[in-house]
Every structure is written in C-alpha cells, then in structure tokens.
Amino acid sequence: MLKAIKHYIEQSWLLIVSSFAFGLLIAITNAAWQPRIEQNKINKLNNLMNELIPNAKYECIMTDVQVDLGKGKIAKSNVYKATAPDGNSAGFCFGAQGAGFADKIELVIAVDAALEKIKGYSVLSSNETPGFGDRIVGDYFRHQFINAPMTNLSLTKKGDDKIIDNNIVAISGATVSSTAVVNIFNNYLDQMKKKINEKKAE
Amino acid sequence: MENKAPSISKVFAAGLWQENPVLRLLLGMCPTLAVTTAVKPALTMGLSVIFVLFCSNIVVSLMRNLLKPHLRILMFTLAIATFVTIADLFLRAFQPEMSAVLGPYVPLIIVNCIIICRAEACASKNGLFISIIDAIGMGIGFTVVLCILGGIRELLATGMIFEIKVMPSFFVPWAAMRMPVGAFITLGLILGLVNFVTGKKT
Chain A
1 MLKAIKHYIE
11 QSWLLIVSSF
21 AFGLLIAITN
31 AAWQPRIEQN
41 KINKLNNLMN
51 ELIPNAKYEC
61 IMTDVQVDLG
71 KGKIAKSNVY
81 KATAPDGNSA
91 GFCFGAQGAG
101 FADKIELVIA
111 VDAALEKIKG
121 YSVLSSNETP
131 GFGDRIVGDY
141 FRHQFINAPM
151 TNLSLTKKGD
161 DKIIDNNIVA
171 ISGATVSSTA
181 VVNIFNNYLD
191 QMKKKINEKK
201 AE
Chain B
1001 MENKAPSISK
1011 VFAAGLWQEN
1021 PVLRLLLGMC
1031 PTLAVTTAVK
1041 PALTMGLSVI
1051 FVLFCSNIVV
1061 SLMRNLLKPH
1071 LRILMFTLAI
1081 ATFVTIADLF
1091 LRAFQPEMSA
1101 VLGPYVPLII
1111 VNCIIICRAE
1121 ACASKNGLFI
1131 SIIDAIGMGI
1141 GFTVVLCILG
1151 GIRELLATGM
1161 IFEIKVMPSF
1171 FVPWAAMRMP
1181 VGAFITLGLI
1191 LGLVNFVTGK
1201 KT
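Residue numbers (my numbering), protein chains in the order written: chain A, 1 to 202; chain B, 1001 to 1202.
Set out below in structure tokens:
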C-alpha cells in the first residue's frame, strides 16, 4: 500500500505542485483585476444607458428579475430607473437577451416612464455576421424602435422604415438577426411591463 | 554523439520564415482566419500569443528535466492554460473593447497548436535562452502574418487601415472580405504566393 502511494507521488508530484502554483497565480491575478473588470462592465452598461436616455441618473430598482424566454429557458435581468435632471422619471432600462444567428445577442432596452413607448436599444454584445447581421447596431434598424409602441412587434421584409409603429422592417440580408432582435423585444416587453408595474404599486 | 546546439540567429529566423507557423507549418489556423478582420484585433491576438508562448516556453524549459513522458502534454496544457487565463483577464481589465471583439478566440489560444508545438519541439529539449528566442521568433512570425492578413482584409472591406481612411472616395468596400470567405481567399492567395516564391511544388 505504502509502496503504491510512494509510486503515485513520485509520478505525479510535479503535476500536483504545478497545479497549486498555477492555481495560486490565477487566483492572485483574478483578485487584482476582477474589480477593474466589473467596473468596465458597469461603465459599458452606463454608457449604453446614457446613449438611450441622455443626462439621466440611473438607479437599480430590481435585480435578477426572471424573464421566461420560452422553451423552458429563464433569463435574469436587472431593471434601472432613469431620473431626469429635473427629478422626474425619464424611463426604465433593462438588459435583455436571446438567440441570434451566430451566438447570443445581449441588448439594453429603454422604455418610457409611462411604459407605453420604447425609447430604443443598444447592443451589449453580439457576434452576428460582419457586414450583415452586425447591422443591428446601426441607426437604420435601431431608429425604427425609437418611440415604437410597447406592444407586440412584428417583422416585415418590405415597408417604410420611417413609419414608427409596431412593424419593423428587416435588414436586407440579415433576416435572422432582425427576427432575433424583434423576438427579444417581444419576450421582454410584456413581462418587464408587468414586473415594473408591480414594483410601482409597492 | 553530442548534439550540436542550434545557433540563436537560426532559431530566431526559423519562426520568421523557414518554420513560420502560419505560412510554412499551417498551424494556428483558427485565430488566423477568425480574428483577421482588421489589423487591431490581429495585432492584439498576436501579442497575446507572444506572451503565452514566451511564458510557457520558459516554464516548460525550466521543468524539462523533471517531466515524466506520460505527463508532459498535461503539464504543457496546464502551463499554457494558466498564461492564457492571465492574458484573457488582462484584456478584459485593460482592453475591454478589444476583448469583446476577440470574443472566445483568446481563451482558445489554449488549444493553439503553435504553443503546444513549440513546447514539445523546442522548450522541452532546449535550455532557457534558446526557448525564449524561439518563442519570440515564432510569436513575431505569427503576429506579422496575422497583421498582413488583417491589413489586406481591413483595407478591402472598409477602405481603411487602423481605422484611418486610405482608399479613394470612389472605392467600393468589399463586404465579403470581412466574412470567412475573405479570410480563406486572402490566406490562400498569400500561401500560394509564398509557395511560388519558395518554388515549392508539392
């Protein structure tokens, strides 16, 4: 028994010692840089929210709000209340996600204080096809959502993108990515409206 | 018979041309094709690979006399994974935008054949100095090719280099150059040119 243990230690001591040493190195690096990484995430979110509702102050009013994405998938999201410089409510922002063409698309969606209109969206992360699907970050597509009603949106392949209503004209050559963004809105708008109204009623 | 130690200049030059990982050994094709949409991500990937190659070659060279044959690949992977994690944390902390652009390709350096190849072919058989020179030569060779590929693709896809407009106003950008097809065509043409120059027939 002792002979076997000695054999195993002889064979694997370098691996065991190295694992501890490398693990310690990663732990130290992670401890040193993790606050900065978290701060970067917060800064990015703040910048995106400021693009959607400029000059507002943001306060997180709900954390880990569960949203049913269908097919048994549940996502968690934080809700931020935007307060205008005059002290009035300027709207709400929340993170949203869904499956895109290549990978998960993560958005920040802003809605007005009355929960009647969409104020817009920004893309937090996406790996959509360069030159096609990645145009969901462009103004042509995003402008169609600004002041659109906070109801079920539908995607059309042809139409006037200047008319602001619940019909969103798809990006030519990127129907899957366009559909993905519209689906994210449709998954989140109703559920978030209910959750925010419940919070308001408290 | 005594093994003749390789000369420093030959070891360094090998990575740049005779044994260039991309042009001659066709290693590391995944990042070569995926992150060369522009010069900046290509350069960042190249510098990350230089860092990982440099550190892993040092560690492998220092422990080469202690390595058990059946555990050596495990030890290489352990060392490489550690330095890749550090590189990934560094980018997320100090270059968050570039980290988002490179996405999963930084963690994927762990399985980059160039690094395992140099650990096995050079660092596990040579002293510290030769291993460091080999890492720098191979790393620079890899980075230069990535930057050339990135430069060609960025120029033709957007008319810009380092996000500075260089093409005349009548130039029509080739969106395909930002897509995988652009990567394959550009790499294929460069490899063909290299083979033509070196007179390689098979």
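Glycine included, C-beta positions come from ideal geometry on N, C-alpha and C.
Check	Outcome
Would you call the stretch 104-112 of chain A in contact with the stretch 122-138 of chain A, where contact means no fewer than 3 C-beta pairs closer than 8 Å?	yes
Check whether the stretch 1009-1016 of chain B touches the stretch 1090-1103 of chain B, taking contact to mean three or more Cβ pairs, one atom from each stretch, closer than 8 Å.	no
Which ranges would you report for the beta strand (DSSP E) in the stretch 1072-1128 of chain B if only whole runs of at least 3 residues count?	none
Using a Cβ-Cβ cutoff of 7 Å, what residues of the stretch 16-37 of chain A are near chain B? List them in chain order.	Ser18, Ser19, Phe22, Leu25, Ile26, Thr29, Asn30, Trp33, Arg36 and Ile37
From the beta carbon of leucine 1026 of chain B, is the nearest beta carbon of chain A less than 8 Å away?	no
If you measure from the beta carbon of glycine 131 of chain A to each beta carbon in chain B, is any gap under 8 Å?	yes
Can you check whether the C-beta of methionine 1160 of chain B is within less than 8 Å of a C-beta belonging to chain A?	no
For methionine 1063 of chain B, which residues in the same chain have their Cβ closer than 8 Å to its Cβ, ignoring the five residues on either side in sequence?	Met1075
Among A:Gln34, A:Ala32, A:Glu10 and A:Lys76, which one has its Cα closest to the Cα of asparagine 187 of chain A?	A:Lys76
Is leucine 124 of chain A near the ligand GDP - that is, is its Cβ less than 7 Å away from at least one heavy atom of it?	With respect to small molecules bound, the structure shown includes none, and the ligand GDP cannot be examined in it.
Output, in chain order, the set of chain A residues within a Cβ distance shorter than 7 Å of lysine 1068 of chain B.	Gln11
For glutamine 34 of chain A, count the other beta carbons within 10 Å of its own beta carbon; 16 or more makes it buried, fewer makes it exposed. Which is it?	exposed
Got a sec? Which residues, its chain only, sit under 7 Å from alanine 1176 of chain B by beta carbon, not counting five neighbours each side?	Gly1182
What does the alpha-carbon distance come out to for the pair isoleucine 1132 of chain B and threonine 1044 of chain B?	20 Å
Tell me where the alpha helix (DSSP H) around glutamine 39 of chain A begins and ends.	2-52
Would you identify the three-state DSSP class for leucine 1187 of chain B, choosing helix, strand or coil?	helix
Show which residues of chain A have a CB atom less than 8 Å away from the CB atom of glycine 1150 of chain B.	Neighbours of glycine 1150 of chain B on chain A: none; closest Cβ ~13 Å, over 8 Å.
Please confirm whether leucine 115 of chain A has its beta-carbon closer than 8 Å to some beta-carbon of chain B.	no
Please list the residues of the stretch 1092-1103 of chain B that have a C-beta atom closer than 7 Å to any C-beta atom in chain A, keeping them in chain order.	Arg1092, Ala1093, Pro1096, Ala1100 and Gly1103
Just the C-alpha distance for cysteine 60 of chain A and leucine 1193 of chain B, rounded to the nearest angstrom, thanks.	57 Å
Identify every run of the beta strand (DSSP E) within the stretch 104-172 of chain A, keeping only runs that are complete inside it and at least 3 residues long; order them along the chain.	104-111, 118-125, 154-156 and 167-169
Buried or exposed: which applies to valine 1145 of chain B, given that a residue is buried once 16 or more other Cβ atoms fall within 10 Å of its Cβ?	buried
Is methionine 62 of chain A helix, strand or coil when you go by DSSP?	strand
By the 9 Å beta-carbon criterion, what residues does the stretch 43-67 of chain A contribute toward chain B?	Asn43 and Lys44
Taking all protein chains shown into account, do 16 or more other C-beta atoms lie within 10 angstroms of the C-beta of isoleucine 1114 of chain B, making it buried, or fewer, making it exposed?	buried
List the residues that DSSP assigns as beta-bridge partners of glutamine 97 of chain A.	A:Glu106
Would glycine 131 of chain A and methionine 1179 of chain B qualify as a contact pair, given that the criterion is a beta-carbon distance under 8 Å?	yes
Helix, strand or coil, according to DSSP, for alanine 84 of chain A in the structure here?	coil
Looking only at DSSP bridge pairs, what is glycine 70 of chain A linked to?	A:Lys73
DSSP state of asparagine 78 of chain A, grouped into three classes?	strand
Return the CA-CA distance between glycine 1199 of chain B and arginine 1092 of chain B, expressed in angstroms with no decimal places.	43 Å
So glycine 1046 of chain B packs on phenylalanine 1184 of chain B, CB below 8 Å; how close in whole Å?	Actually they are not in contact, since the Cβ atoms of glycine 1046 of chain B and phenylalanine 1184 of chain B sit about 20 Å apart, beyond 8 Å.
Taking 8 Å as the CB-CB cut-off, is isoleucine 1080 of chain B touching chain A?	no
So, with DSSP's three-state summary, where would you put alanine 90 of chain A?	strand
Name, going along the chain, the residues of the stretch 117-129 of chain A whose beta-carbon falls closer than 8 Å to a beta-carbon of chain B.	Ser125, Asn127 and Thr129
Excluding five sequence neighbours on each side, which residues of the same chain lie with their C-beta closer than 6 Å to the C-beta of valine 182 of chain A?	Leu153, Leu155 and Ile168
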